[in-house]
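Chemist: Starting off with a structure, shown below.
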Amino acid sequence: MPRTQTDPFAPVRRRSMEEEVYIRMREAILRGDIAGGERLVQEDLAKRFGTSRIPVRDALRRLEADGLVETEGRGAYRVSSFGVDDVKEIYALRELLEGHMVAQACPQLGDEELDELEQLQQDMDQAADDGDSAAYVALNQRFHRVLYDAANQPRTQKIVLTLWQGVPPLTPITIENRMAESSQEHWAIVRALRAGDAAAAAEAMRRHIAAAGEGLLAHVSSGGAGLR
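With the UniProt record's numbering applied, the sequence shown covers 1 to 228.
What follows is the structure, given as structure tokens:
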């Protein structure tokens, strides 16, 4: 059974307050619980989270760095609006850059790294069977990180991570209906890497990113996540 979503404004009890507020607000924005263009006032948010203003202020600054909110001055922020054109641009860049990084990683991957990728994918298969999209997302990020760390392209990786922050590659709301497809795409990447075929691995990654982008575009077009 899929996990039920928690109230993003429930009182904070875990992690540091700032980290917890940041994570909950980020998830709320990406799910559409907080719509694009909505005004955010620190005092109001602090009351809703049951915290002081300081963790809220720090979380908002991190969200601004992610591109998810914009400052209006005097302690007020507004949720950034993303649209179809934004998603298309981001995913076109991801296809180009992440395909390149996988090709660079291919000759650098040894049996240990390939075994790790396979184990991560097996864990993702289990998460998909369990309907646990949150676990799938976390494992997916680790899968991609193993690949990109092996590529040893720090500048390119920094750009990719910046693209992830604005519109993450996989979020629970966009992956719930395509975990099985995503896993098949990952296995195609792993098989190409095992065969030492950098070109095939890069093409498999590009197809994977394109499919994820199409899923997000469908979500945007339906009015999800408060995107325009």
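Just so it is clear, CB atoms sit at the ideal spot from N, CA and C, and this is done for glycine as well. All values reported here derive from a predicted model rather than from experimental measurement.
(1) Buried or exposed for R74, please, with buried defined as at least 16 other CB atoms from any protein chain shown within 10 angstroms of its CB.
(2) For L117, tell me which candidate among L45, A218, S133, A150 has the shortest Cα-Cα distance.
(3) Check for me: the beta strand (DSSP E) holding L139 runs from which residue to which?
(4) What alpha helix (DSSP H) runs, 4 residues minimum, are completely inside the UniProt domain "HTH gntR-type" (15-82)?
(5) Between the Cα of M205 and those of L216, L217, S183, spot the shortest distance and give me the residue it belongs to.
(6) Using CA atoms only, rank isn't needed, just tell me which of E181, M25, A103, D44 is closest to A35.
(7) In chain order, what residues of the same chain lie with their CB nearer than 8 Å to the CB of S211, ignoring the 5 residues before and after it?
(8) What is the DSSP secondary structure of D197, reduced to helix, strand or coil?
(9) In the DSSP assignment, find the unbroken alpha helix (DSSP H) run with W94 in it and report its ends.
(10) Flag this pair as touching only if the stretch 29-49 and the stretch 89-98 have three or more C-beta atom pairs under 8 Å; answer yes or no.
(11) By DSSP, does E176 sit in helix, in strand, or in coil?
(12) According to DSSP, is G110 helix, strand or coil?
(13) From this set, L216, R57, R155, which residue's C-alpha is nearest M17's C-alpha?
(14) Give every residue of the same chain whose Cβ lies closer than 7 Å to the Cβ of L163, excluding the five residues on either side of it in the sequence, and list them in chain order.
(15) Considering only C-alpha positions, which residue in the set H219, V21, A188 is nearest to V102?
(16) Would you say I175 and N140 are within 9 Å of each other, going by their C-beta atoms?
(17) Enumerate in chain order the residues of its own chain whose CB-to-CB distance from V146 is below 8 Å, with the five nearest sequence positions on each side excluded.
(18) Would E203 and V160 qualify as a contact pair, given that the criterion is a beta-carbon distance under 9 Å?
(19) Out of H100, A76, V220, A199, which one is the CA nearest neighbour of Q42?
(20) So, helix, strand or coil for L227, using DSSP?
Modeler: Looking at the atomic coordinates:
(1) Around the beta carbon of R74, fewer than 16 other beta carbons sit within 10 angstroms, so the residue counts as exposed.
(2) When L45, A218, S133, A150 are compared, the shortest CA-CA separation from L117 is found for A150.
(3) For L139, there is no enclosing beta strand (DSSP E); the residue is part of the alpha helix (DSSP H) that begins and ends at 133-151.
(4) Qualifying alpha helix (DSSP H) stretches, in chain order: 17-31, 42-49, 53-66.
(5) The residue with the shortest Cα to Cα distance from M205 is S183.
(6) For the residues E181, M25, A103, D44, the minimum Cα distance to A35 belongs to M25.
(7) According to the sequence shown, residue 211 is Ala rather than Ser. Taken in chain order, the residues that qualify are R178, E181, S182, E185.
(8) DSSP places D197 in coil when its eight states are reduced to three.
(9) For the record, residue 94 in the displayed sequence is Arg; it is not Trp. Note, R94: alpha helix (DSSP H), 84-105.
(10) Not touching, per the Cβ criterion.
(11) In this structure, DSSP gives E176 a state outside helix and strand, which the three-state scheme calls coil.
(12) Shown here, G110 sits in coil according to DSSP, grouped into three states, outside any helix or strand.
(13) Comparing Cα-Cα distances from M17 to each of L216, R57, R155, the minimum goes to R57.
(14) Answer for L163: I90, L93, R94, listed in chain order.
(15) Nearest to V102 by alpha-carbon distance, out of H219, V21, A188, is A188.
(16) It is a contact, given that the beta carbons lie within the stated cut-off.
(17) Same-chain partners within the cutoff: E113, E116, L117, L120.
(18) No, these two residues do not count as a Cβ contact at 9 Å.
(19) Nearest option by C-alpha distance: A76.
(20) Confidence at L227 is low in this model, with a pLDDT of 42, below 50, so the placement of that residue should be treated as unreliable; the coordinate-derived value is given next. It is coil, neither helix nor strand.
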